[in-house]
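Remarks on the structure that follows.
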Amino acid sequence: MQNYKKVELMSELTTIARPYAKAAFDFAVEQSRSDKSAVEKWNEMLGFLAELVKNEAMQSYLTSSFSAQKLADTVISICGEQLDQYGQNLVRLMAENKRLTVLPQVFKEFQHYVEEYKAIAEVKVTSAQPLSAMQQEKIAAAMEKRLAQKVKLNCNVDSSLIAGVIIRTEDFVIDGSSRGQLARLANELQL
298 MQNYKKVELM
308 SELTTIARPY
318 AKAAFDFAVE
328 QSRSDKSAVE
338 KWNEMLGFLA
348 ELVKNEAMQS
358 YLTSSFSAQK
368 LADTVISICG
378 EQLDQYGQNL
388 VRLMAENKRL
398 TVLPQVFKEF
408 QHYVEEYKAI
418 AEVKVTSAQP
428 LSAMQQEKIA
438 AAMEKRLAQK
448 VKLNCNVDSS
458 LIAGVIIRTE
468 DFVIDGSSRG
478 QLARLANELQ
488 L
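If you're matching positions, the sequence shown starts at 298 in the numbering used here and goes up one per residue.
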């Protein structure tokens with residue numbers, strides 16, 4: 298019976314923590330468009346907060362009758378420069394909602410989102426003409442098979458390619474464009 302209660306409590310903590318983790322993750326991904334290390338910075342901030350909150354003295358303090366403002370200010374002052382303004386905003390929000398004690402679970406959920414995010418490969422597809430939905434599906438299926446992971450296509454059009462497509466990932470480039478084929482032919486003829 299005691300194990301059942303423990304599982305139920307963990308499930309409840311996950312349910313409480315998930316929206317905070319998802320919001321932090323989505324914000325970090327959005328920030329990563331201008332700062333490539335944003336997801337890692339959030340991971341470090343949440344990891345630091347999780348370790349702080351695991352401390353017995355801190356647990357006792359967080360469950361005391363102090364105001365949300367005082368609790369948030371104390372956590373923020375202890376963290377110092379470990380938190381940027383957005384991390385501080387998260388602490389304030391969680392303090393207002395009396396959820397600071399679930400920070401370790403928020404960190405755990407955040408890490409799950411990061412693992413899923415990293416499992417998706419971004420594939421850049423440049424084509425001479427806009428690709429139909431069916432063409433995009435075929436390219437995505439072929440790249441998922443080749444990379445052995447899920448892919449996200451980032452498609453754009455470059456009319457200078459004449460015809461065909463160029464597919465780029467972090468590891469390789471497949472140039473199936475007419476311009477690329479002509480360039481290879483010209484290179485071979487110069488030999």
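Backbone N, C-alpha and C define an ideal beta-carbon position, used for all residues, glycine too.
Contact check, residue i vs residue j, beta carbons under 8 Å
i       : j       : result
Leu-479 : Leu-400 : no
Ala-369 : Val-350 : no
Lys-421 : Arg-465 : yes
Ala-318 : Val-448 : no
Gln-385 : Ile-373 : yes
Phe-324 : Tyr-410 : no
Leu-458 : Thr-423 : yes
Leu-428 : Ala-437 : no
DSSP bridge partner residues for residue i (one or two, in chain order)
i       : result
Asp-472 : Ile-463
Distance between beta carbons of residue j and residue i, contact taken as under 8 Å
i       : j       : result
Ala-392 : Ala-365 : 4 Å
Leu-397 : Leu-359 : 5 Å
Gln-446 : Ala-416 : 6 Å
Ala-320 : Ser-329 : Ala-320 to Ser-329, Cβ: 15 Å. No contact.
Coarse secondary structure for residue i, derived from DSSP in three states
i       : result
Arg-491 : Limits of the chain in this structure are 298 at one end and 488 at the other, which puts residue 491 out of reach.
Gln-487 : coil
> Fully enclosed by the segment 384-461, which beta strand (DSSP E) runs are 3 residues long or longer?
Replying inline: 417-424 and 447-454
> What are the complete alpha helix (DSSP H) segments, minimum 4 residues, inside the segment 338-386?
Replying inline: 353-359 and 365-376
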